[in-house]
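Here's the structure, in structure tokens; my notes come after.
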Ligand code: SF4
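Numbering (the numbering used here), first residue to last: 89 to 275.
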């Protein structure tokens, strides 16, 4: 990667400057060994924090959303796992989709996903979100969330019970634990 400051640097756009400075920091931290040290010391802590403070988007489409509501009630109490529903995609790291996705809803759902900051994950809850469910081969229902958004965990059922939802999120935590989340900067 060419890190030399070009004579026309003064005319760089903000995005070009960010890309250039990110490259400089990456090369500098790698060359000096700082990257490895930060990854070793802080990476596990950051990863622990991320997987134990999951913020799913507070978004329910259909009947499965009632199970999601039950899961956040006092009996199942998903907050004990660090799961707190937030109403803005900009503060969320998990998109939990529960219910059938009409073709009219698809672009809005994709936009919500795009608005979430990285690192982010997606959970498809219930048969409708996984494959269209009872609306299999219907003219107006999308045949699965993973046809337009990458899905990390599938929770089967019609509807899945709150215990199944908790189990799905524990599997997501395991996936987060084994991911590269927490590393200072990707290579
Ligand atoms: S999977 Fe079943 S319970 Fe869930 S939204 Fe579809 S029809 Fe409703």
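Ideal Cβ positions, reconstructed from N, Cα and C, are used throughout, including at glycine.
Verify whether the separation of the beta carbon atoms of residue 220 and residue 246 is less than 8 Å.
no
Any chance the CB of residue 119 is under 7 Å from a heavy atom of ligand 1?
no
Buried or exposed: which applies to residue 225, given that a residue is buried once 16 or more other Cβ atoms fall within 10 Å of its Cβ?
exposed
Less than 8 Å between the C-beta atoms of residue 174 and residue 143, yes or no?
The Cβ atoms of residue 174 and residue 143 lie closer than 8 Å to each other.
Starting from residue 241 and walking both ways along the beta strand (DSSP E), at which residues does that stretch end?
That run of the beta strand (DSSP E) goes 241-243.
Please report the residue range of the beta strand (DSSP E) in which residue 212 lies.
209-213
Residue 205 by DSSP, collapsed to three states: which one?
coil
Less than 8 Å between the beta carbons of residue 243 and residue 198, yes or no?
no
Thinking C-alpha only, which one of 154, 259, 250 and 227 is nearest residue 239?
259
State the DSSP-derived secondary structure class of residue 174, mapped to helix, strand or coil.
strand
Between 178, 194 and 187, which has its C-alpha nearest residue 212's C-alpha?
187
Which of the three DSSP states is assigned to residue 144 in this structure?
strand
Cutoff 7 Å; reference residue 155; Cβ partners in own chain excluding five residues on either side
247, 248, 249, 250 and 253
In terms of residue numbering, what span does the alpha helix (DSSP H) encompassing residue 266 cover?
Counting along the chain, residue 266 falls outside any alpha helix (DSSP H), and DSSP gives it neither H nor E.
State yes or no: is the C-beta of residue 180 nearer than 7 Å to some heavy atom of ligand 1?
No - ligand 1 has no heavy atom lying nearer than 7 Å to the Cβ of residue 180.
Grouping DSSP H, G and I as helix and E and B as strand, with all else coil, what is residue 183?
strand
With DSSP as the reference, label residue 160 as helix, strand or coil.
Under the three-state reduction of DSSP, residue 160 is assigned to coil, being neither helix nor strand.
Any idea what DSSP makes of residue 126, helix, strand or coil?
helix
Check for me: the alpha helix (DSSP H) holding residue 107 runs from which residue to which?
102-120
For residue 138, which three-state DSSP category applies?
helix
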